[in-house]
Amino acid sequence: MSIYKIHPIVMGTKVFDKSMMTYQHGAGVEYTIPIYCWYIEGGEKKILVDTGEMSPIQSKEREAAIGGKIYTFEQGLSRWDLKPEDIDIIIHTHLHNDHCENDFKCENAQIYVHEKELKRIHDPHPLDFRYLEDYIEDVEENGQVISLDQDAEILPGIKCIHTPVHTDGGMTILIDTPSGCAAITGFCVISENFNPPIEIKAMEMDVIPPGTHVNVYDAYDIMVKVRNMADILLPLHEPGFASFDTIPAETGESNT
Numbered sequence: 026m027s028i029y030k031i032h033p034i035v036m037g038t039k040v041f042d043k044s045m046m047t048y049q050h051g052a053g054v055e056y057t058i059p060i061y062c063w064y065i066e067g068g069e070k071k072i073l074v075d076t077g078e079m080s081p082i083q084s085k086e087r088e089a090a091i092g093g094k095i096y097t098f099e100q101g102l103s104r105w106d107l108k109p110e111d112i113d114i115i116i117h118t119h120l121h122n123d124h125c126e127n128d129f130k131c132e133n134a135q136i137y138v139h140e141k142e143l144k145r146i147h148d149p150h151p152l153d154f155r156y157l158e159d160y161i162e163d164v165e166e167n168g169q170v171i172s173l174d175q176d177a178e179i180l181p182g183i184k185c186i187h188t189p190v191h192t193d194g195g196m197t198i199l200i201d202t203p204s205g206c207a208a209i210t211g212f213c214v215i216s217e218n219f220n221p222p223i224e225i226k227a228m229e230m231d232v233i234p235p236g237t238h239v240n241v242y243d244a245y246d247i248m249v250k251v252r253n254m255a256d257i258l259l260p261l262h263e264p265g266f267a268s269f270d271t272i273p274a275e276t277g278e279s280n281t
């Protein structure tokens with residue numbers, strides 16, 4: 026079985042009310058999240074989880090807010106001696122625009138996505154404005170998209186599990202690493218969602234669902250399930266990873 030390293034690359038940011046991440050908690054607090062493209066190194070294939078924004082805002086203020094540098098897609102890949110055409114596989118956590126804007130540049134990639142995300146991006150609910158089909162039309166026409174209707178092992182040591190927390194077709198990516206199973210969450214959360222402050226724990230809540238969710242009760246239960254199956258939790262928008270080159274760290278320590 027292959028063992029992988031995970032390289033988080035910031036390819037965008039958003040600034041909004043913190044309660045967009047933490048349901049019924051943190052309202053009125055301005056918060057900046059990184060938008061990641063995760064390069065999965067190991068084996069013969071060049072693999073990305075999500076592709077980030079096409080034209081990210083690159084400013085000192087936003088980099089200070091997340092504690093790391095913001096790259097364009099090409100800049101970020103070049104850190105690992107890669108170009109868009111080198112990518113063999115893209116796995117999508119979901120298809121909100123900030124997670125798939127650079128797909129069209131990866132002309133040689135197979136792109137894995139849950140079938141419910143494909144349905145949503147072509148027929149979004151009025152409450153969810155984050156889907157924009159323009160970003161995947163080219164790769165669909167090229168026959169690059171592989172639709173999943175159940176949990177799947179993409180390659181030995183890389184599995185996708187359906188976790189409809191933030192969106193109907195959200196997929197959490199489980200990756201075998203030297204320090205155990207890492208989970209890139211298929212839903213938009215930060216570390217605080219999995220490690221609530223004391224006032225939340227005092228209400229007997231083990232996790233905080235994301236501010237945007239499909240069903241808040243299901244979201245809570247799925248989050249607990251994901252937390253319990255992972256040795257390394259990688260919440261999809263946690264700023265703490267913006268300064269990391271590699272997960273696990275080269276010393277072998279897990280960066281959780």
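Number 69 in the numbering used here belongs to position 44 of the sequence shown; there are no gaps in the numbering. Glycine included, every Cβ here is placed at the ideal spot set by N, Cα and C.
In this structure, the straight-line span from the alpha carbon of residue 46 to that of residue 133 is close to 34 Å.
Secondary structure remark: continuous beta strand (DSSP E) runs of at least 3 residues inside the segment 155-219, in chain order: 170-173, 177-180, 183-187, 196-202 and 205-209. Secondary structure at residue 37: strand, using DSSP grouped into helix, strand and coil. Ranked by how close their Cα comes to the Cα of residue 209, the residues 177, 243, 257 and 239 have 257 in first place. By the Cβ neighbour-count rule, residue 254 is exposed, with fewer than 16 other Cβ atoms within 10 Å of its own. Boundaries of the beta strand (DSSP E) harbouring residue 139: 135-139, taken from the DSSP string. The C-alpha of residue 214 is placed about 12 Å away from the C-alpha of residue 61. Within the segment 57-115, complete alpha helix (DSSP H) segments of at least 4 residues are found at 85-91 and 98-103, given in chain order. Bridge pairing for residue 31: 65 and 272 [DSSP]. Counting of Cβ neighbours within 10 angstroms places residue 121 among the buried residues, the total reaching 16 or more. Here the alpha carbon of residue 66 sits roughly 7 Å from the alpha carbon of residue 72. Judged by DSSP in its simplified three-state form, residue 256 adopts coil rather than helix or strand. Here DSSP, grouped into helix, strand and coil, assigns residue 224 to helix. By the neighbour-count definition (other C-beta atoms within 10 Å, threshold 16), residue 244 is a buried residue. The segment 107-122 and the segment 134-151 touch, with no fewer than 3 CB-CB distances between them shorter than 8 Å. In the structure shown, residue 231 adopts coil according to DSSP, grouped into three states.
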